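First comes the structure, then the notes that go with it.
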Amino acid sequence: MTNDWRKQLDVQLKELALKAQQHPHATKEQRVALTRLMNAIWQSGRLVHPYRGQFQLIYEDIYDEAVQNLFLYLCQDDNINKYDPERGEVITWVNMLLSKRFFPEAIPKVIGKGNEINLEDSHLENIPSLQSKSMSLSEQIIECIESDPDLIFCKEHIKGHPEANFQAIAKRRCSGIPWKDISAEWGIGITSLHSFYQRCLKKFTDKLQEYLCI
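Numbering (our numbering), first residue to last: 1151 to 1364.
This is the structure we're talking about:
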């Protein structure tokens, strides 16, 4: 990446951040501006990767958790107004937040979950007897989602993206594919993907229990 390109990107990110600050919190105009800002940050490839080389097998899960929480933070409670253009570039600000706050916070969340497929949702903890079965938790859940006897998992999709249905997302996550790769595959923001996924996990917990005869 050339210096000219970096400068151009810094200008673009600053303009988007300032535009988001101009609109009242939670308005449609601010949501549009924030979405454009987060997409530009993600596509820039300039997000820092803290503690590279550590947490080998679970680094991507920790990083994904940290990035999605960073983006959620930018959308909440007028936090975008905490960015001060007089103190530096947007990418410097978000990288500081990612490395100093959200990555360290993500480490215990991921390591402490004890869920081999990182389904990332407490609703599935309502299925306690799964772990006593001969099949692992991941195998039982993904088998139910893949078989989809009532065709409900494949029909529940992100608006305007039938390919981004719960079944397809769950299969990718259970296979260990990180959120950033799923986001790139479908051109859908990580925050949108993760929020949709969490809603589906909550919605279908009872159905999974029914399928597994619990």
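We put the CB at the ideal spot given by N, CA and C, even for glycine.
Computed from a prediction, not measured in an experiment: that's the story for all the values here.
Kindly give me the distance between the Cβ atoms of residue i and residue j, rounded to whole angstroms, as I take these residues to be in contact under 8 Å.
i: alanine 1314; j: isoleucine 1338; result: 6 Å
i: isoleucine 1302; j: valine 1260; result: Isoleucine 1302 to valine 1260, Cβ: 29 Å. No contact.
i: serine 1175; j: aspartate 1228; result: In the sequence as presented, serine is not what sits at residue 1175; that position holds histidine. Right, the Cβ-Cβ distance comes to about 5 Å (below 8 Å), so this counts as a contact.
Please determine, among the options, the residue with the shortest C-alpha to C-alpha distance to residue i.
i: asparagine 1189; options: Thr1355, Lys1330 and Lys1352; result: Lys1330
i: histidine 1311; options: Ser1297, Arg1323 and Ser1333; result: Ser1333
i: glycine 1195; options: Tyr1223, Val1217 and Arg1181; result: Val1217
i: alanine 1376; options: Cys1294, Asp1300 and Pro1299; result: Any question about residue 1376 goes unanswered here, given that the chain covers just 1151 to 1364.
i: glutamate 1236; options: Glu1296, Leu1248 and Ala1167; result: Ala1167
i: valine 1244; options: Phe1205, Tyr1361, Cys1225 and Lys1353; result: Cys1225
i: arginine 1349; options: Glu1335, Arg1322 and Ile1308; result: Ile1308
Skipping 5 residues on each side, what residues in its chain have a beta carbon closer than 7 Å to that of residue i?
i: glutamine 1171; result: Ile1230 and Asn1231
i: glutamate 1210; result: Pro1328
Counting only the same chain and skipping the five closest in sequence on each side, list residues whose C-beta sits under 6 Å from that of residue i.
i: aspartate 1214; result: Pro1328 and Trp1329
i: asparagine 1268; result: Confidence at asparagine 1268 is low in this model, with a pLDDT of 43, below 50, so the placement of that residue should be treated as unreliable; the coordinate-derived value is given next. For asparagine 1268, where only same-chain residues beyond five positions count, the Cβ hits under 6 Å are Asp1211.
i: isoleucine 1340; result: Gln1218, Trp1329 and Ser1333
Within 10 angstroms of its Cβ, does residue i collect 16 or more other Cβ (buried), or is it exposed?
i: threonine 1177; result: exposed
i: histidine 1344; result: buried
i: valine 1240; result: buried
i: threonine 1152; result: exposed
i: isoleucine 1292; result: buried
i: isoleucine 1180; result: Sequence check: residue 1180 is glutamine here, not isoleucine. By the 10 Å Cβ count, glutamine 1180 comes out buried.
i: proline 1299; result: exposed
Report the residue ranges of all alpha helix (DSSP H) runs contained in full by the region 1307-1357; include only those spanning at least 4 residues, in chain order. 1316-1324 and 1329-1336
Quick one: which unbroken alpha helix (DSSP H) runs of 4-plus residues sit fully inside the region 1170-1243? Chain order, please. 1178-1194 and 1209-1225
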